[in-house]
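Asks: Following my numbering, the numbering of the sequence shown begins with 10 at its first residue and continues without gaps. Sharing a structure here in structure tokens format.
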Amino acid sequence: MRIIQATLEHLDLLTPLFVKYREFYGSLPYPDSSRAFLEKRLRRKESVIYLALADDDNNKLLGFCQLYPSFSSLSLKRVWILNDIYVAEDARRQLVADNLIRTAKKMAKETNAVRMRVSTSSNNEVAQKTYESIGFREDTEFKNYVLPISDEL
């Protein structure tokens with residue numbers, strides 16, 4: 010597999026898998042809105058998206074991850090939030106997620122980030138084991154809270 014950074018040219022390839030990712034977490038598909046969302050992130054350079062492509066097929070997307078920049082006031086450095094990661098069903102158990110995360114980690118180092126953060130559902134044990142095997146540690150120093158603002162698109 011090859012890991013590349015997504016550009017606007019990859020929107021048609023990325024959108025269907027992004028929709029499956031959203032459905033995996035219980036969201037309605039909204040393919041048009043999903044595509045528009047991704048397009049805005051890429052056009053505005055508000056996120057970094059990595060794609061895992063099959064070695065022999067530029068149109069076979071194995072998985073993707075999307076990272077958003079943030080900052081740590083305490084360490085006065087950049088933080089990357091690994092917000093989305095998804096592997097196509099027929100590509101699972103091929104280390105796709107590992108390769109995507111390792112590429113993201115390399116980018117985080119190159120941008121002098123102090124850390125990368127990731128969240129997953131408390132019952133997603135496969136993801137948790139993957140994160141831990143790569144070096145992520147569960148945050149025991151801070152408890153995270155969420156303040157819902159709106160459930161609408």
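Heads up, the beta-carbon is just placed ideally off N, CA and C, and yes, glycines get one too. Just so we're clear, the structure is a prediction, and the values are computed from it rather than from any experiment.
Please list, in chain order, all residues of the same chain as A97 whose beta carbon is under 7 Å from its beta carbon, the five residues on each side excluded.
Replies: L26, L70, L71 and G72
Asks: Three-state secondary structure (DSSP) at N108?
Replies: helix
Asks: Rounded to whole angstroms, what is the Cα-Cα separation between V88 and K138?
Replies: 22 Å
Asks: Since I believe L76 is in contact with L91 (beta carbons under 8 Å), could you give me their beta-carbon distance rounded to a whole number of angstroms?
Replies: 5 Å
Asks: Is the segment 112-132 touching the segment 79-87 in the sense that three or more CB pairs, one from each, lie closer than 8 Å?
Replies: Segments in contact, yes.
Asks: According to the Cβ coordinates, are Y95 and K49 closer than 8 Å?
Replies: no
Asks: Counting C-beta neighbours from all protein chains within 10 Å, is the total for L17 16 or more, i.e. buried, or is it exposed?
Replies: That one is exposed.
Asks: Near L47, what residues of its chain come up, given a Cβ to Cβ distance below 7 Å and the 5 sequence neighbours on each side ignored?
Replies: L20, L23, T24 and F27
Asks: Going by the beta-carbon positions, is the gap between D64 and R101 smaller than 8 Å?
Replies: With respect to R101, D64 sits apart: the two C-beta atoms are not nearer than 8 Å.
Asks: Could you tell me the distance, in whole angstroms, from the CA atom of S42 to the CA atom of D93?
Replies: 16 Å
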